[in-house]
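Colleague: So that we are looking at the same thing, I have put the structure below in structure tokens.
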Amino acid sequence: MRIRAVTPDDLPLLQDIERAAGEGFRALGMAAVADDEPLPTAELARYLEGGHAAMAAVDAADRPVAYLIGEPVDGCLHIEQVSVHPDHARRGVGRALIDHLAASTDAPALTLTTFADVPWNAPYYRRCGFRPLAGAELTPGLREIRRQEAAHGLDRWPRLCMRREL
């Protein structure tokens, strides 16, 4: 799998990947997560601009099958979203995107927020080198992200912040 920068033409495809990847939550009783619409293309486009990470893993036809978006938060690079189309899941594509991001930044760490009990969330990120953060370790930016997630209703299921030192 080749990893490259996301282009404006990719943005609708990223939404399709997100919708397909979200379907896995339905089987866990998290239909609200599965039904949540992906970020609008205008919001995704923001990640293409200065200082933000937006990369895609692409197939042989250069069509995205997975993507990662992130942005600086409190001196670290915060992963906002990693999504892999189910047809390409369990092949190391998500880990490759995370490792590519880690190798391409001079930030001291990567951070993310995730569901604590979803197998392809916190347990997966632990295998990718992330550790859960205690409440006292949360930076102001991570606290704000968690506040926004709670306002969006994501706290109906246990969530946590994680960090991977680089």
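Start counting the sequence shown at 271; every next residue gets the next number (the working numbering).
Quick reminder that beta carbons are idealized off the backbone N, C-alpha and C, glycines included.
Assign V276 to one of three DSSP states: helix, strand, or coil.
Modeller: The answer is coil: DSSP assigns V276 none of H, G, I, E or B.
Colleague: With a cut-off of 8 Å on the beta carbons, I'd call R429 and E419 a contact; round off their distance for me.
Modeller: Sure, about 6 Å apart at Cβ, within 8 Å.
Colleague: Out of D306, D279, V276, A275, which has the shortest C-alpha to C-alpha gap to R513?
Modeller: Residue 513 cannot be examined here, being either before or after the span of the chain that is shown, 271 to 436.
Colleague: Who are the near neighbours of L412 in its chain, counting only those whose CB is closer than 6 Å to its CB and skipping five residues on each side?
Modeller: So the qualifying residues of the chain are C431.
Colleague: Per DSSP, which one or two residues make a beta bridge with I339?
Modeller: Note: I339 sits in a beta bridge opposite A324, Q351.
Colleague: Just to confirm before moving on: does the CB-CB distance between L309 and M325 stay below 8 Å?
Modeller: Contact: no.
Colleague: Tell me the residue span of the beta strand (DSSP E) that contains L430.
Modeller: Start and end: 429-435.
Colleague: One question on the structure: do H348 and T311 come within less than 8 Å of each other, judged by their Cβ atoms?
Modeller: Going by C-beta atoms, H348 is not nearer than 8 Å to T311.
Colleague: For P342, which option in S353, R333, Q285, H322 has the closest C-alpha, if you only look at C-alpha atoms?
Modeller: Of S353, R333, Q285, H322, the residue nearest in Cα terms is H322.
Colleague: Identify which residue in T383, T409, R434 has its Cα closest to the Cα of L424.
Modeller: For L424, the nearest C-alpha among the options comes from T383.
Colleague: State buried or exposed for A404, treating a residue as buried only when at least 16 other CB atoms are found within 10 Å of its CB.
Modeller: With fewer than 16 other Cβ atoms within 10 Å, it is exposed.
Colleague: Could you check the C-alpha separation between A359 and E435 for me, to the nearest Å?
Modeller: Rounded to the nearest angstrom, the two C-alpha atoms are 25 Å apart.
Colleague: Within 10 Å of its beta-carbon, does D280 have 16 or more other beta-carbons around it, so buried, or fewer, so exposed?
Modeller: When all chains shown are included, D280 counts as buried.
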